[in-house]
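In numbering that gives the first Met the number 0, the protein residues as written are 0 to 175. So the structure is just underneath, and the comments pick up after that.
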Amino acid sequence: MNNREIPLLGIVAYSGTGKTTLLKQLIPHLRQRGIRVGLIKHTHHDVDVDTPGKDSFELRKAGADQTMVASSDRWALMTETAHHEPLDLRYLATRFDSNSLDMILVEGFKHERIDKIVLYREESGRHLEQLIDSYVIAVASNQLPALSLESIRVLDLNKIEEIECFIVEWLEKQAN
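Here it is as structure tokens:
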């Protein structure tokens, strides 16, 4: 790994807006363009990628601070955060192999100081303004005519190719 900082782009929205659905559609489009994508997903749930009863689970529960499960197909590193310290997005991003990625999409982490695309559905009943901060570079919505935002690009949430093109343009600017 080298110390190149991988560009981070946040995808933020209220719960239930479709962040994961969008990302599942978007990532294959970016890969077709030759863009190598990493993903950091924030969850408020007690996440565990290991399975009770498996050796790796039992060894981690025995007290290992870090446990790596590895095969010829994939590997995963689990790190215990016993003190429940606040997540540091920049630190998490450094755990990725910067030689293998062109960018990292970040799902959640809506208050981080990174460029963000806000997903918004008017039917959510929530206010768009509460998601807007100085790091928002675009809003993808299904209510385009109703939105008028100064200096923030408005994208059609239902047009993956439009969002893809915007991200490709954004990524090219990061390289300069």
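Using N, Cα and C, we set each Cβ at its ideal position, and we do this for glycine too.
Would I136 and R152 qualify as a contact pair, given that the criterion is a beta-carbon distance under 8 Å?
Reading the sequence shown from its first residue, position 137 is the one you call residue 136. Reading the sequence shown from its first residue, position 153 is the one you call residue 152. Their beta carbons are under 8 Å apart, which means I136 touches R152 by this criterion.
Out of R3, Y13, E84, which one is the CA nearest neighbour of G124?
By 1-based counting over the sequence shown, the position of residue 124 is 125. Selected option, being the one with the closest Cα: Y13.
Cutting at 8 Å between CB atoms, please list the residues of its own chain near H28, excluding the five before and the five after it.
By one-based count along the sequence shown, residue 28 stands at place 29. Excluding positions up to five away in sequence, the list reads I159, E160, E163.
Per DSSP, what kind of secondary structure is I162 in: helix, strand or coil?
By one-based count along the sequence shown, residue 162 stands at place 163. It is helical.
Per DSSP, which one or two residues make a beta bridge with W74?
Taking the sequence shown and counting its residues from 1, the one referred to as residue 74 is at position 75. Answer is A69, bridged to W74.
Whole angstroms is fine: what's the gap from L128's alpha carbon to D155's?
On the sequence shown, position 129 is the one that residue 128 refers to. On the sequence shown, position 156 is the one that residue 155 refers to. Rather than Leu, the amino acid found at residue 128 in this sequence is Glu. Between E128 and D155, the C-alpha separation is close to 18 Å.
Tell me which residues share the same chain as I66 and place their Cβ nearer than 7 Å to its Cβ, disregarding the 5 neighbours each side in the sequence.
As a working note, residue 66 is residue 67 in the sequence shown. Just to set this straight, residue 66 is Thr in the shown sequence, not Ile. Same-chain partners within the cutoff: S55, L58, R59, M77.
Considering I10, what are the terminal residues of the beta strand (DSSP E) in which it resides?
Mapped onto the sequence shown, residue 10 falls at position 11. Start and end: 7-11.
Can you check which of these residues, N98, P6, E122, K172, is closest to T16 by C-alpha distance?
The count along the sequence shown starts at 1 and reaches residue 16 at position 17. Closest option to T16, Cα to Cα, is E122.
Under DSSP, the alpha helix (DSSP H) around K206 begins and ends at which residues?
Outside the displayed range of the chain (0 to 175) lies residue 206, so it cannot be described from this structure.
Please state the DSSP three-state secondary structure of E106.
Start at 1 with the first residue of the sequence shown, and residue 106 comes out as number 107. Reduced to three states, the DSSP call for E106 is strand.
Within this structure, are the beta carbons of L8 and I116 separated by less than 8 Å?
For the purposes of this step, residue 8 is taken as the residue at position 9 of the sequence shown. For the purposes of this step, residue 116 is taken as the residue at position 117 of the sequence shown. Cβ atoms of L8 and I116: closer than 8 Å.
In its own chain, which residues sit with a C-beta less than 6 Å from the C-beta of G37, not counting the 5 before and 5 after it?
Here residue 37 refers to the residue found at position 38 when the sequence shown is read from its first residue. Counting only Cβ-Cβ distances below 6 Å, and skipping sequence neighbours, we find F95, L100, I103.
Rounded to whole angstroms, what's the CA-CA distance from E149 to S140? Just pull it up for me.
Here residue 149 corresponds to residue number 150 of the sequence shown, with the count starting at 1. Here residue 140 corresponds to residue number 141 of the sequence shown, with the count starting at 1. Their backbone Cα atoms lie some 15 Å apart in a straight line.
Given N157, which residues of its chain have a CB within under 8 Å of its CB, disregarding the five upstream and five downstream residues?
By one-based count along the sequence shown, residue 157 stands at place 158. Around N157: N141.
Looking at the unbroken alpha helix (DSSP H) that takes in Y90, where does it start and where does it end?
In the sequence shown, residue 90 corresponds to position 91, counting from 1. It spans 88-93 - the alpha helix (DSSP H) in which Y90 sits, taken as one unbroken run.
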